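Here is the structure we will look at, set down as C-alpha cells.
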Amino acid sequence: MSVPGDPDASRMAERLQVIAIIDGSQAAFDTLVGEHQRLCAHVIGRMVNDREQVADLLQETFLAVYRQLHRFRFEASLRTWISRVAYATALQHLRRRRLEAQWFVAMEDDGAAEIGDQEPGPVELSHARQAGPWLAAALERLSPPQRLVVGLHYLEEFDIAEITQITGMPGGTIKSHLYRARQSMKTDLLSRATVGELL
C-alpha cells in the first residue's frame, strides 16, 4: 500500500483519473470501466453464477462506482475498491433473491485443514496450464466462495489482505479456501489424468 502524500506513478495516475471522473469527465469514466469491467464480471460471475444476470449487475456496479467515487479515499488500490463494489452489488442481488444466507454458509470454514502457506510450484503451474479446459471444468466444480478466492488470488493476483478488503473474509478463511480448492482441483485433475483424459 502506498503512503498517502507519496504515491507511486500508478497511484498518481489513479488519483488523477478519479479527480477527472468526479469533475465530470465521461472519457475518464469510460476508461475506468474498460480497465475494470473484466475483473468485475469475474467477481460477480463467481458469486451469482448466472450469466444472464452478470451484464445487469455490471451496470449496477459501475453506476454505484460512479455515485460513490467521491468517497474513495485511496486507502486501498482503486481496483480493490471497485472489486469491493462489485462484491457488494452481487451480494445485494443474492439478498434480493434470498440466496444471501447460502452464500455466507458456503463462505464459512471450520479451520480444520492444515493449510500452511504453500503456493503451487513451477511444475504444478506448468501442469495446470497444460490441463487447459480440464482445469476450467475443475474450477467450476468448486464451491462459489472457493471459485471466487481462487480467481482473485491466482487469476487477478490479489494478495490475501486485498481479498479480505474485497470480501470481508478473515485471512485464515481465505487461506483455507485456497488450500481446499487446490486439493480438490488436484484430485480432480489427477483422476482425469488416470483415465487418460489429459494425455
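Position one of the sequence shown corresponds to residue 877 (our numbering), numbered consecutively onward.
Using N, Cα and C, we set each Cβ at its ideal position, and we do this for glycine too.
Computed from a prediction, not measured in an experiment: that's the story for all the values here.
### Query
Helix, strand or coil: how does DSSP classify residue 1046 here?
Here residue 1046 sits in coil by DSSP.
### Message
I need the straight-line Cα distance from residue 1063 to residue 933, nearest angstrom please.
### Response
Computed Cα separation, rounded: 34 Å.
### Query
For the putative contact between residue 920 and residue 964, defined by C-beta atoms under 8 Å, what is the C-beta separation to the nearest angstrom?
With 8 Å as the limit, residue 920 and residue 964 do not qualify as a contact, their Cβ atoms being about 11 Å apart.
### Query
For residue 930, which option in 916, 943, 942, 941 has the closest C-alpha, if you only look at C-alpha atoms?
Comparing Cα positions, the closest option is 916.
### Query
Helix, strand or coil for residue 886 per DSSP?
DSSP places residue 886 in helix when its eight states are reduced to three.
### Message
Does residue 935 pass the burial test, meaning 16 or more other C-beta atoms within 10 Å, or should it be called exposed?
### Response
It counts as exposed.
### Task
Could you spell out the range, first to last residue, of the alpha helix (DSSP H) harbouring residue 971?
Start and end: 954-972.
### Close Cβ partners of residue 909 (< 6 Å) along its chain, the five nearest in sequence each way excluded
Residues 938 of the same chain have their beta carbon placed closer than 6 Å to that of residue 909, with the five preceding and five following residues left out of the count.
### Message
Short of 6 Å in beta carbon distance, which residues of its chain neighbour residue 890, apart from the five on each side in sequence? Order them along the chain.
### Response
Counting only Cβ-Cβ distances below 6 Å, and skipping sequence neighbours, we find 954.
### Member of 949, 923, 943 whose CA lies at the smallest distance from the CA of residue 892
Each of 949, 923, 943 was checked against the Cα of residue 892, and the nearest Cα belongs to 949.
### Task
Return the chain-ordered list of same chain residues with a C-beta closer than 8 Å to the C-beta of residue 1018, the five sequence neighbours on each side being excluded.
Result list for residue 1018: 1026, 1057, 1060, 1061, in chain order.
### Message
Tell me the DSSP secondary structure of residue 1066 in three-state form.
### Response
Residue 1066 falls in the helix class under three-state DSSP.
### Query
How big is the Cα-Cα spacing for residue 906 and residue 895?
One C-alpha to the other measures close to 14 Å.
### Where the alpha helix (DSSP H) containing residue 1024 begins and where it ends
Counting along the chain, residue 1024 sits inside the alpha helix (DSSP H) bounded by residues 1020-1026.
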